[in-house]
Amino acid sequence: MTRAVDLALVLLVAALGLWREVTMPAPSRLVAASVAFYVAVHLLSAVALWWRRTNPVGSSLVIAFLALLTPTYASMASAYSVAAHAPRHRWLVVTHPVTWAIGAGVWAMPNVGDGFTGPALIVIAGLAGLYVGARRRLVQALVERAERAERERELLAEQARADERTRLAGEMHDVVTHRLNLMVLHAGALRVAAKDDGVRKAAEELRTAGCQALAELRDLVGVLRSGRAARIPDVLPDRLSRLVADSAATGLEVTLTEHGDADTISPAVRRTMYRVVQESLTNVHKHAPGAHTEITIHCGPSSVRAVIRNTRPSAVPDLALPGSGSGLLGLRGRVEMVGGTLTAGPTDDGGFEVDAVLPAFVPT
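Each residue of the sequence shown is one higher than the last, beginning at 1 in UniProt numbering.
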């Protein structure tokens with residue numbers, strides 16, 4: 001847009017200079033010279049305006065020199081440009097009315113008005129350039145101040161988030177880790193003291209699960225304290241079978257049916273599918289004890305579908321088990337993050353179904 005304005009200004013100044021030389025009476029020249037020479041001076045002055053933004057000082061000096069040969073309308077535009085775009089060389093504005101007056105006095109003496117009206121218009125153009133330049137610099141300073149304030153707010157917000165992460169990490173380490181350690185110690189003591197093989201086996205499974213939870217919790221605490229993203233290991237297909245086997249070991253009647261090759265899907269999709277099954281089984285343990293659960297995994301060339309369906313519970317849920325009520329909401333967000341969809345709701349037979357459809361490939 002600015003270059004189009006500069007081109008229009010060049011053409012306008014060239015046309016005005018051509019009109020001035022063509023309409024000026026021949027006797028107005030004290031020195032005989034061809035009209036073509038003065039037309040060339042006007043054209044060169046107009047062309048010099050093309051660099052009035054990128055090199056206002058050089059353009060101004062060229063136009064001031066040409067104005068000594070004959071007054072040019074480019075002097076007005078040049079005075080404005082120097083004042084607006086070259087604040088350190090504003091003194092060049094003074095050269096334009098002086099050179100206009102010299103050129104008018106030497107070469108165009110009969111046109112006395114050229115010696116007074118032209119410099120006055122140049123001074124007005126220079127003052128307008130000073131105003132526009134000062135206003136532009138003021139706006140730029142305000143924009144830079146606003147951007148600096150925005151960066152400072154972002155830094156303060158990031159610092160506040162880092163402090164909150166550190167506080168949460170401390171709370172988790174001091175409270176939750178302590179409780180889990182006690183659970184692991186009690187489970188180990190129960191395994192040693194119990195005389196029944198079933199009790200010892202259950203205590204060992206509880207101790208192992210507690211150790212795994214402690215390890216994951218320590219990783220999470222480290223991530224919160226450092227503020228860096230955790231390196232999440234890939235979830236291999238056999239881990240899904242182990243997850244189902246662990247649930248079956250607690251007495252849950254669960255079956256797993258897999259179609260297709262899970263090795264062909266990307267690791268990010270495998271992790272998400274694993275979390276969908278894990279959260280669904282956790283909800284069955286909490287809210288549908290004694291229910292039969294069917295897990296069906298379809299691995300296709302372009303999509304993966306996981307359907308977890310349980311029947312009506314055969315026992316009363318244990319109200320002592322805590323629940324935040326946000327498990328499915330967070331699960332839906334995790335699924336949508338990889339470009340999938342998740343639907344969950346009760347079935348006609350009184351059970352519950354979770355249906356997740358994910359793309360087969362998502363960049364890690």
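Even for Gly, the Cβ is constructed at its ideal location relative to N, Cα and C.
CB contact flag (residue i, residue j, <9 Å)
i	j	result
V354	T343	yes
L331	R275	yes
G17	A67	no
H259	F352	no
D6	L49	yes
residue 410	A209	In the structure as shown, the chain begins at 1 and stops at 364. Residue 410 is therefore absent and cannot be evaluated.
A83	G133	yes
L12	S60	no
V284	A306	no
P289	P313	yes
L329	I308	no
L142	A77	no
G222	A169	yes
L217	V176	yes
V39	E21	yes
A202	G188	no
T311	D348	no
T23	V41	no
G126	W100	no
Residue span of the alpha helix (DSSP H) that contains residue i, given as start and end
i	result
V316	It is not in any alpha helix (DSSP H) - V316 carries neither H nor E in the DSSP assignment.
T293	Here T293 belongs to no alpha helix (DSSP H); instead the beta strand (DSSP E) covers H292 to C299.
N310	No alpha helix (DSSP H) contains N310, which is instead part of the beta strand (DSSP E) from S303 to N310.
M172	No alpha helix (DSSP H) contains M172, which DSSP labels as neither H nor E.
G339	First-last for G339: undefined, no H or E at that position.
T272	P267 to H287
Y80	A74 to H85
P56	P56 to A67
R179	T177 to A193
L43	V35 to A48
Candidates the options: closest to residue i by CA position
i	options	result
T72	E164, I102 and N181	I102
V338	Y38, E147 and F361	F361
A79	G351, T95 and E154	T95
R270	A356, E205 and A149	A356
L220	R165, A193, L121 and R207	R165
A333	R312, L358 and P313	Just to set this straight, residue 333 is Gly in the shown sequence, not Ala. Selected option, being the one with the closest Cα: L358.
P56	E147, A315 and G129	G129
G300	L329, T264 and L328	T264
E205	L217, R218 and L190	L190
A215	W100, G198, R200 and V184	V184
L121	G198, P97, Q140 and Y131	P97
H85	T54, T23 and L69	T54
S303	E279, D261 and N310	D261
G198	A249, G327 and R161	A249
R179	A14, L224, C211 and Q159	C211
A36	W19, W51 and I124	W19
W51	R3, A15, P87 and R90	R3
E279	V335, I124, V316 and L224	V335
residue 397	M273, R200, K195 and R167	There is simply no residue 397 to check, as the chain begins at 1 and stops at 364 in what is shown.
Chain B contact for residue i (CB, 9 Å cutoff)
i	result
V276	Protein chains in the displayed structure number just one, and chain B is not present.
In DSSP terms, what residue i is bridged to
i	result
H259	H298
E144	Per DSSP, none; premise fails for E144.
L354	With the sequence shown as reference, residue 354 is identified as Val, and Leu is not the correct amino acid for it. BP columns for V354 point to I308 and A344.
P359	S303
E253	H292
How about the region 247 to 260 and the region 292 to 304: do they share at least three Cβ pairs that are nearer than 8 Å?
-> In this structure the region 247 to 260 touches the region 292 to 304; the number of beta carbon pairs closer than 8 Å is three or more.
Does the region 123 to 139 come within contact of the region 148 to 155, defined as at least 3 CB pairs closer than 8 Å?
-> Verdict: no, contact absent.
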